[in-house]
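Okay, so the sequence shown: first residue is 0 according to numbering that gives the first Met the number 0, each after it adds one.
Backbone N, C-alpha and C define an ideal beta-carbon position, used for all residues, glycine too.
Everything numeric in this text was worked out from a predicted model, so none of it was measured.
Take a look at the structure set out below.
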Amino acid sequence: MIYIQHNRILIKYYQSIITLEDCLLEIKMNDSIIKIMGQDLQIQYYSFDEILVRGQLKQIIFT
């Protein structure tokens, strides 16, 4: 599950963080990878099954 609001994205039921950079965040889900591109990307909150990312979101790709 993914919720997008202005400069935030909440991802529920993720498995792991693959890449964490200022302009790129890759999250592994059960059967896909979510690639979030933007500027000043920061993890604002995370737990074992959800993650909240804040920053200027430019592009979100599902692979």
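Which stretch, first to last residue, makes up the beta strand (DSSP E) that contains Phe61?
Taking the first residue of the sequence shown as 1, we reach residue 61 at position 62. 49-61 is the extent of the beta strand (DSSP E) around Phe61.
Using DSSP's beta-bridge definition, name the partner residues of Glu25.
To locate residue 25, count along the sequence shown from 1; it is residue 26. Beta-bridge pairing links Glu25 to Thr18, Lys34.
Among Ser15, Ile35, Asp30, His5, which one has its Cα closest to the Cα of Glu49?
Walking along the sequence shown from the start, residue 49 turns up at place 50. The option with the nearest alpha carbon to Glu49 is Ser15.
Just to confirm my understanding: we take Lys11, look at its own chain, exclude 5 residues before and 5 after, and list those with CB closer than 7 Å. What are they?
Taking the first residue of the sequence shown as position 1, residue 11 is located at position 12. Correct list, in chain order: Met0, Asp48, Glu49.
For a test of the three-state rule: what should DSSP assign to Tyr12, helix, strand or coil?
Here residue 12 is taken as the residue at index 13 of the sequence shown, counted from 1. DSSP places Tyr12 in coil when its eight states are reduced to three.
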